[in-house]
Ligand SMILES: Nc1nc2c(ncn2[C@@H]2O[C@H](COP(=O)(O)OP(=O)(O)O)[C@@H](O)[C@H]2O)c(=O)[nH]1
Ligand SMILES: [Mg+2]
């Protein structure tokens, strides 16, 4: 290859890498314990065979966001999306170290966890402004959806004009009322799911391909 051809191909490779569209980043947001990590793990396992992070009944187990990159989800009609799944810490306006003590965590560890969780929330909010292209907003169907933090978060997501799917999780529980979530956010698609028994997860994947594609 002559030197000009070589140089030209090097430049075009560089330009291609520079302008390559980055993958779509989908953030899973919502209050602590809604099931965000369970969903992230389920998506990652279903489509890549690997998990993302640990699930726990202790609030704020996910204190730093975790990513699973390059997850390709294919819908029934054959179209697909390749996304990075970002599992975020629960967004809440109040983090009290004493909450952790109830779960048998020692005081030093509880204080550390509370500090990390606070930083994690700030980080998750920062990404929502800078780095996220679409949101799965996860709610526990047995809880009140009208919490101020949910209204505020959905407002921020709307002001950024990000596509959002609301997942009404834990519909396997007897006191689940996903219709309450539907009436709280009539302007957005709401999918009732159970991350533990897998109910309607296929429907969620279809909606993801449709809304985030
Ligand atoms: N019954 C029920 N429990 C769930 C479901 N999804 C998650 N959980 C439980 O809820 C708790 C919190 O889950 P996790 O994924 O850590 O929530 P996160 O804080 O939102 O990441 C764990 O004990 C999970 O096993 C579900 O669909 N049904
Ligand atoms: Mg989590």
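Numbering (our numbering), first residue to last: 20 to 232.
Every residue, glycine too, gets a C-beta built ideally from N, C-alpha and C.
Quick caveat, the model's predicted, so the values are computed rather than measured.
(Q) My assumption, with CB atoms under 8 Å, is that residue 74 sits in contact with residue 56. Please give the rounded CB distance. (A) Translated into the one-based positions of the chain shown, residue 74 becomes position 55. Translated into the one-based positions of the chain shown, residue 56 becomes position 37. The beta-carbon separation of residue 74 and residue 56, rounded to 5 Å, stays under the 8 Å limit for a contact.
At a cut-off of 7 Å, is residue 163 close to ligand 1 when judged by its beta-carbon and the heavy atoms of the ligand? One-based indexing of the chain shown puts residue 163 at position 144. No, Cβ of residue 163 sits at least 7 Å from all heavy atoms of ligand 1.
**Item:** Counted within 10 angstroms of its Cβ, other Cβ atoms place residue 233 as buried (16 or more) or exposed
**Value:** Outside the modelled stretch of the chain, which goes from 20 to 232, sits residue 233, for which no answer is possible.
Check: What is the DSSP secondary structure of residue 106, counted as helix, strand or coil?
Finding: Taking the first residue of the chain shown as 1, we reach residue 106 at position 87. Here residue 106 sits in strand by DSSP.
Bridge partners - residue 159, DSSP secondary structure assignment:
Residue mapping note: residue 159 aligns to position 140 of the chain shown, counting from 1. Under DSSP, residue 159 forms a beta bridge with 188.
inquiry  = Quick check: is any heavy atom of ligand 1 less than 7 Å from the C-beta of residue 213?
reply    = Locating residue 213 in the chain shown gives position 194, where the first residue counts as 1. True, at least one ligand heavy atom lies under 7 Å from that Cβ.
Original post:
Where do the N-terminal and C-terminal ends of the beta strand (DSSP E) with residue 88 fall, by residue?
Top reply: The residue given as residue 88 occupies position 69 in the chain shown. Note, residue 88: beta strand (DSSP E), 85–93.
Extract the residue ranges of the alpha helix (DSSP H) inside the region 113–159, only unbroken runs of 4 or more that lie entirely within it.
The region 113–159 contains these whole alpha helix (DSSP H) runs: 116–120 and 126–149.
- Report all residues from its chain with a CB closer than 7 Å to the CB of residue 196; omit the five preceding and five following residues, and keep chain order. Looking up residue 196 in the chain shown gives position 177. Closer than 7 Å at Cβ, skipping near neighbours: 160.
TODO: Report, in whole angstroms, the separation of the C-beta atoms of residue 132 and residue 124, which I expect to be a contact under 8 Å.
DONE: The residue you call residue 132 lines up with position 113 of the chain shown. The residue you call residue 124 lines up with position 105 of the chain shown. Contact holds; Cβ gap of about 7 Å.
Report task. Could you tell me which residues DSSP puts in a beta bridge with residue 43? Result -> The sequence position of residue 43 within the chain shown is 24, counting from 1. 102.
Residues sharing a beta bridge with residue 210, DSSP: The count along the chain shown starts at 1 and reaches residue 210 at position 191. Looking at the DSSP assignment, residue 210 forms a beta bridge with 186.
Check: Taking the alpha-carbon positions, what's the residue 101 to residue 92 distance?
Finding: Position 82 of the chain shown, counting from 1, holds the residue named residue 101. Position 73 of the chain shown, counting from 1, holds the residue named residue 92. Roughly 6 Å between the two C-alpha positions.
State the start and end residues of the unbroken alpha helix (DSSP H) segment that holds residue 202.
For the purposes of this step, residue 202 is taken as the residue at position 183 of the chain shown. Residues 197–203.
Alpha-carbon spacing of residue 54 relative to residue 215, whole angstroms:
Reading the chain shown from its first residue, position 35 is the one you call residue 54. Reading the chain shown from its first residue, position 196 is the one you call residue 215. Computed Cα separation, rounded: 9 Å.
Review point. DSSP beta-bridge partners for residue 48?
Key: One-based indexing of the chain shown puts residue 48 at position 29. 156, per the DSSP bridge assignment.
- Message: At the level of alpha carbons, what is the spacing between residue 153 and residue 179?
- Response: Within the chain shown, the letter at position 134 stands for residue 153. Within the chain shown, the letter at position 160 stands for residue 179. Straight-line Cα distance between these residues: approximately 10 Å.
### Message
Would residue 116 and residue 130 be called neighbours here (beta carbons separated by less than 8 Å)?
### Response
Looking up residue 116 in the chain shown gives position 97. Looking up residue 130 in the chain shown gives position 111. Yes, these two residues count as a Cβ contact at 8 Å.
Please write down, chain order preserved, every residue whose beta carbon lies under 5 Å from a heavy atom of ligand 2. 55, 56 and 81
Quiz item: When you compare only the Cα positions, how much space is there between residue 198 and residue 43?
Solution: Counted from its first residue, the chain shown places residue 198 at position 179. Counted from its first residue, the chain shown places residue 43 at position 24. Spanning the two alpha carbons is a distance of roughly 30 Å.
Since residue 187 contacts residue 155 with CB under 8 Å, what's their CB separation in whole angstroms?
-> Here the question's residue 187 lines up with position 168 in the chain shown. Here the question's residue 155 lines up with position 136 in the chain shown. Residue 187 to residue 155, Cβ: 11 Å. No contact.
- Query: Where do the ends of the alpha helix (DSSP H) carrying residue 221 lie?
  - Reply: For this step, residue 221 is matched to residue 202 along the chain shown. First-last of the alpha helix (DSSP H) with residue 221: 220–231.
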